[in-house]
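Right, one structure below, let's go through it.
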Amino acid sequence: MVKIEVETHLDKFREFIILATCRSFIPDELYRDKDVFPERETGVGPIYVEAEDKVTVKKIGEISFVKAVNVLGVIYESKSGNTKLKWRQIRDKFGKLNGEASGNSLVNLITAGIINKSYVEKVLNIQKSSNENGSPNTDDTGSNKPK
953 MVKIEVETHL DKFREFIILA TCRSFIPDEL YRDKDVFPER ETGVGPIYVE AEDKVTVKKI
1013 GEISFVKAVN VLGVIYESKS GNTKLKWRQI RDKFGKLNGE ASGNSLVNLI TAGIINKSYV
1073 EKVLNIQKSS NENGSPNTDD TGSNKPK
(Lines of atoms letter the chains of each structure in order from A and count residues from 1; the text may use other names and numbers.)
(Lines give C-alpha, C1' and ligand atoms only; values in the text may rest on other atoms or scores of the structure.)
Protein backbone atom coordinates (compact mmCIF):
# COMPACT_ATOMS: atom_id res chain seq x y z
CA MET A 1 0.00 0.00 0.00
CA VAL A 2 1.13 3.52 -0.81
CA LYS A 3 -0.12 6.52 1.13
CA ILE A 4 -1.67 9.16 -1.11
CA GLU A 5 -1.93 12.81 -0.08
CA VAL A 6 -2.24 15.22 -3.01
CA GLU A 7 -4.34 18.08 -4.29
CA THR A 8 -6.08 17.33 -7.58
CA HIS A 9 -8.89 18.38 -9.87
CA LEU A 10 -12.18 16.50 -9.52
CA ASP A 11 -12.14 15.58 -13.24
CA LYS A 12 -8.89 13.65 -12.71
CA PHE A 13 -10.31 11.71 -9.75
CA ARG A 14 -13.45 10.98 -11.80
CA GLU A 15 -11.20 9.61 -14.55
CA PHE A 16 -9.39 7.42 -11.99
CA ILE A 17 -12.68 5.97 -10.74
CA ILE A 18 -13.86 5.25 -14.28
CA LEU A 19 -10.54 3.56 -15.14
CA ALA A 20 -10.78 1.46 -11.98
CA THR A 21 -14.42 0.43 -12.32
CA CYS A 22 -16.25 0.86 -15.61
CA ARG A 23 -14.16 2.15 -18.53
CA SER A 24 -14.97 -0.93 -20.60
CA PHE A 25 -18.74 -0.37 -20.44
CA ILE A 26 -19.55 3.25 -19.62
CA PRO A 27 -21.60 4.71 -22.50
CA ASP A 28 -19.66 7.38 -24.43
CA GLU A 29 -22.23 10.10 -23.73
CA LEU A 30 -21.88 9.50 -19.98
CA TYR A 31 -18.08 9.33 -20.21
CA ARG A 32 -17.97 12.69 -22.02
CA ASP A 33 -20.28 14.36 -19.45
CA LYS A 34 -17.88 15.52 -16.69
CA ASP A 35 -20.81 15.84 -14.25
CA VAL A 36 -21.60 12.09 -14.41
CA PHE A 37 -19.90 9.82 -11.86
CA PRO A 38 -20.02 6.08 -11.20
CA GLU A 39 -21.40 5.03 -7.81
CA ARG A 40 -21.56 1.59 -6.22
CA GLU A 41 -23.85 0.69 -3.33
CA THR A 42 -22.38 0.17 0.09
CA GLY A 43 -21.03 -3.29 0.72
CA VAL A 44 -18.00 -4.59 -1.14
CA GLY A 45 -16.13 -1.70 -2.76
CA PRO A 46 -18.46 1.24 -2.19
CA ILE A 47 -18.16 4.41 -4.28
CA TYR A 48 -20.13 7.40 -3.03
CA VAL A 49 -20.45 10.93 -4.41
CA GLU A 50 -21.47 13.64 -1.94
CA ALA A 51 -22.98 16.59 -3.80
CA GLU A 52 -25.47 19.42 -3.36
CA ASP A 53 -27.70 17.64 -5.84
CA LYS A 54 -27.46 14.38 -7.77
CA VAL A 55 -29.73 12.16 -9.82
CA THR A 56 -29.22 8.64 -11.16
CA VAL A 57 -29.18 8.73 -14.96
CA LYS A 58 -28.41 5.07 -15.71
CA LYS A 59 -27.63 1.79 -13.96
CA ILE A 60 -25.46 -0.91 -15.51
CA GLY A 61 -24.88 -3.97 -13.35
CA GLU A 62 -23.71 -2.87 -9.92
CA ILE A 63 -22.72 0.62 -11.12
CA SER A 64 -25.13 3.55 -10.99
CA PHE A 65 -24.20 6.61 -13.02
CA VAL A 66 -25.19 9.81 -11.24
CA LYS A 67 -25.23 13.37 -12.51
CA ALA A 68 -23.90 15.50 -9.66
CA VAL A 69 -24.01 19.26 -9.09
CA ASN A 70 -21.35 20.91 -6.90
CA VAL A 71 -19.51 17.81 -5.70
CA LEU A 72 -18.31 18.22 -2.11
CA GLY A 73 -16.60 14.86 -1.72
CA VAL A 74 -16.09 11.42 -3.23
CA ILE A 75 -15.32 8.20 -1.36
CA TYR A 76 -13.80 5.30 -3.29
CA GLU A 77 -12.97 1.83 -2.02
CA SER A 78 -11.81 -0.97 -4.29
CA LYS A 79 -13.64 -4.30 -4.20
CA SER A 80 -10.53 -5.93 -2.73
CA GLY A 81 -10.42 -3.30 0.02
CA ASN A 82 -6.76 -2.61 -0.80
CA THR A 83 -7.47 0.93 -2.01
CA LYS A 84 -9.35 3.50 0.05
CA LEU A 85 -9.36 7.08 -1.21
CA LYS A 86 -11.31 10.21 -0.29
CA TRP A 87 -11.50 13.40 -2.32
CA ARG A 88 -12.69 16.53 -0.47
CA GLN A 89 -13.51 19.83 -2.15
CA ILE A 90 -11.22 22.75 -1.36
CA ARG A 91 -12.49 25.21 -3.98
CA ASP A 92 -14.83 24.62 -6.93
CA LYS A 93 -13.64 21.40 -8.60
CA PHE A 94 -10.25 21.40 -6.88
CA GLY A 95 -9.72 19.24 -3.80
CA LYS A 96 -7.51 17.12 -1.60
CA LEU A 97 -7.16 13.38 -2.17
CA ASN A 98 -6.12 11.21 0.80
CA GLY A 99 -5.89 7.52 1.47
CA GLU A 100 -4.01 4.38 0.53
CA ALA A 101 -3.63 2.82 -2.90
CA SER A 102 -2.64 -0.63 -4.14
CA GLY A 103 -0.24 -1.22 -7.03
CA ASN A 104 -3.12 -1.53 -9.49
CA SER A 105 -4.62 1.73 -8.28
CA LEU A 106 -1.25 3.48 -8.55
CA VAL A 107 -1.21 2.67 -12.27
CA ASN A 108 -4.70 4.16 -12.65
CA LEU A 109 -3.76 7.24 -10.57
CA ILE A 110 -0.77 7.80 -12.87
CA THR A 111 -2.88 7.21 -16.01
CA ALA A 112 -5.49 9.71 -14.75
CA GLY A 113 -2.77 12.32 -14.22
CA ILE A 114 -3.20 12.57 -10.44
CA ILE A 115 0.31 11.44 -9.53
CA ASN A 116 3.48 10.64 -11.45
CA LYS A 117 6.13 7.96 -11.11
CA SER A 118 8.46 10.23 -9.13
CA TYR A 119 5.71 10.77 -6.52
CA VAL A 120 5.39 7.00 -6.06
CA GLU A 121 9.18 6.63 -5.79
CA LYS A 122 9.36 9.38 -3.13
CA VAL A 123 6.55 7.85 -1.08
CA LEU A 124 8.06 4.36 -1.33
CA ASN A 125 11.45 5.72 -0.22
CA ILE A 126 9.82 7.44 2.76
CA GLN A 127 8.00 4.23 3.69
CA LYS A 128 11.19 2.20 3.30
CA SER A 129 13.09 4.68 5.48
CA SER A 130 10.30 4.59 8.08
CA ASN A 131 10.38 0.79 8.19
CA GLU A 132 14.17 0.71 8.52
CA ASN A 133 14.23 3.35 11.28
CA GLY A 134 11.14 2.11 13.05
CA SER A 135 9.56 5.56 13.03
CA PRO A 136 7.82 7.63 10.38
CA ASN A 137 9.77 10.15 8.34
CA THR A 138 7.95 13.44 8.83
CA ASP A 139 8.36 16.89 7.36
CA ASP A 140 8.32 20.17 9.30
CA THR A 141 4.55 20.00 9.71
CA GLY A 142 4.71 16.53 11.22
CA SER A 143 2.81 15.02 8.33
CA ASN A 144 3.98 11.83 6.68
CA LYS A 145 4.23 12.94 3.04
CA PRO A 146 6.88 13.28 0.35
CA LYS A 147 8.92 16.48 0.24
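Take the sequence shown: its position 94, counted from the start at 1, is 1046 in this note's numbering, and no numbers get skipped. The beta-carbon is built from N, C-alpha and C at its ideal position, and this holds for glycine as well. These numbers were taken from a predicted model, which means no experiment stands behind them.
Judged by DSSP in its simplified three-state form, Ala972 adopts helix. Annotated as distal: Lys1006 and Phe1017, with beta-carbon spacing of 7 angstroms or more.
DSSP lists Ile1015 as the beta-bridge partner residues of Ile1012. Distance from Val1026 to Val1001 at the Cβ level is roughly 5 angstroms; contact confirmed, criterion being Cβ atoms closer than 8 angstroms. When C-beta atoms of the region 1056-1063 are compared with those of the region 960-977, three or more pairs fall below 8 angstroms, so the two segments count as touching. In the displayed model, Phe977 falls within coil according to three-state DSSP, outside both helix and strand. Per DSSP, Glu1073 is one residue of the alpha helix (DSSP H) stretching across 1069-1085.
In the DSSP assignment, Asp1005 forms a beta bridge with Val1021.
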